[in-house]
Amino acid sequence: MGKLKDLTGLKFGRLTVIERAGSKNGFATWRCKCDCGNIHIVSGVCLTSGASKSCGCLQREITQKRATTHGKSHTKLYYIWRGIKCRCFNVNDAFFIDYGGRGISIYPEWIDNFQAFYDYVSTLENFGKEGCSLDRINNNGNYEPNNLRWANASEQQRNSRQNRFVNFNGDEVTVVEAAEKSGISESVLRS
Ligand SMILES: [Zn+2]
543 MGKLKDLTGL KFGRLTVIER AGSKNGFATW RCKCDCGNIH IVSGVCLTSG ASKSCGCLQR
603 EITQKRATTH GKSHTKLYYI WRGIKCRCFN VNDAFFIDYG GRGISIYPEW IDNFQAFYDY
663 VSTLENFGKE GCSLDRINNN GNYEPNNLRW ANASEQQRNS RQNRFVNFNG DEVTVVEAAE
723 KSGISESVLR S
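Right under this line is the structure:
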C-alpha cells in the first residue's frame, strides 16, 4: 500500500470524511457522513476521483428528477396531441372549423400512436423550453413531420398574422384564400 493520505475532515460532494474505516482489497476505506445524515463507507480512491459524491442519495434525486421532468413533458404533450386530434377530427370542437374544417389533418402514423408523435416532436429544437408551444410552420399544412416546430409566442403571432382569417361571405378563410375567391389583392385585403 502506498503512502496513506489522511482524508479526515475533508469534504467530497455531500460526503464529509469522519475517520478511517479500514481497508478493502488493499485500499483504504473511510467512514463518511453524508449531508442527508447517512453514514457511508467508501474507498479513498472513490472519494478523491470524484466517483462518490454522496451515500447514493444524490444519484437517486437526479434519477427521480429526470423521471418527473420526463413525466411532466409526457403528460403535457399528451394533452397537446389530444387537442390536435380534437381540432382535426371532432366536429363538435370549437376550433374544428379552423382545422379539420379546413382539411388540416394529423400525420396518419400519429393518429393512434401518441408515442410516435412524442418521439418525433421531442427531438425538435426548443422542446420543453419555457414559453414555447407546438406550432405548424405552414399554417395551412398538416400536423406532420417537417411542418412542426416549438415556437415562442412572438414567432407564433407572426405566423398567425401572415395567415390571418377573415370573414368571406360568412366563411372563415385565410387572407390568401379570400384574395383568391374575391380577386382582390392580398395586400389590399390585409390593409
Ligand atoms: Zn446521502
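Heads up, the working numbering is the position in the sequence shown plus 542, with the first residue counted as 1. Virtual Cβ for every residue (Gly too), placed ideally from N, Cα, C.
- Item | contact_flag[the region 644-658, the region 620-631] where n(CB pairs < 8 Å) is 3 or more | Yes, since at least three Cβ pairs between the region 644-658 and the region 620-631 fall closer than 8 Å, the two stretches touch.
- Task: Going by DSSP, name the residue or residues bridged to ILE653.
- Result: As DSSP reads the structure, ILE653 sits in no beta bridge.
- Residues with C-beta closer than 5 Å to any heavy atom of ligand 1, in chain order: CYS576, CYS578, ASN580, SER596, CYS597, CYS599
- Task: Take THR550 as the anchor and find which of TRP572, ARG556, SER565, GLN698 has the nearest alpha-carbon.
- Result: TRP572
- Item | Beta-carbon spacing of LEU557, ASP577 below 9 Å | yes
- Quick one: what does DSSP say ARG556 is sitting in, helix, strand or coil? coil
- Item | Cβ-based neighbour list, GLY683, same chain, cut-off 7 Å, excluding 5 preceding and 5 following | ASN689, listed in sequence order.
- Query: Could you give the uninterrupted runs of the beta strand (DSSP E) lying entirely in the region 568-598, keeping only those of 3 residues or more?
  - Reply: 569-576, 581-585
- Using the beta-carbon count (16 or more within 10 Å), is ASN680 buried or exposed? Its Cβ having fewer than 16 others within 10 Å, ASN680 is exposed.
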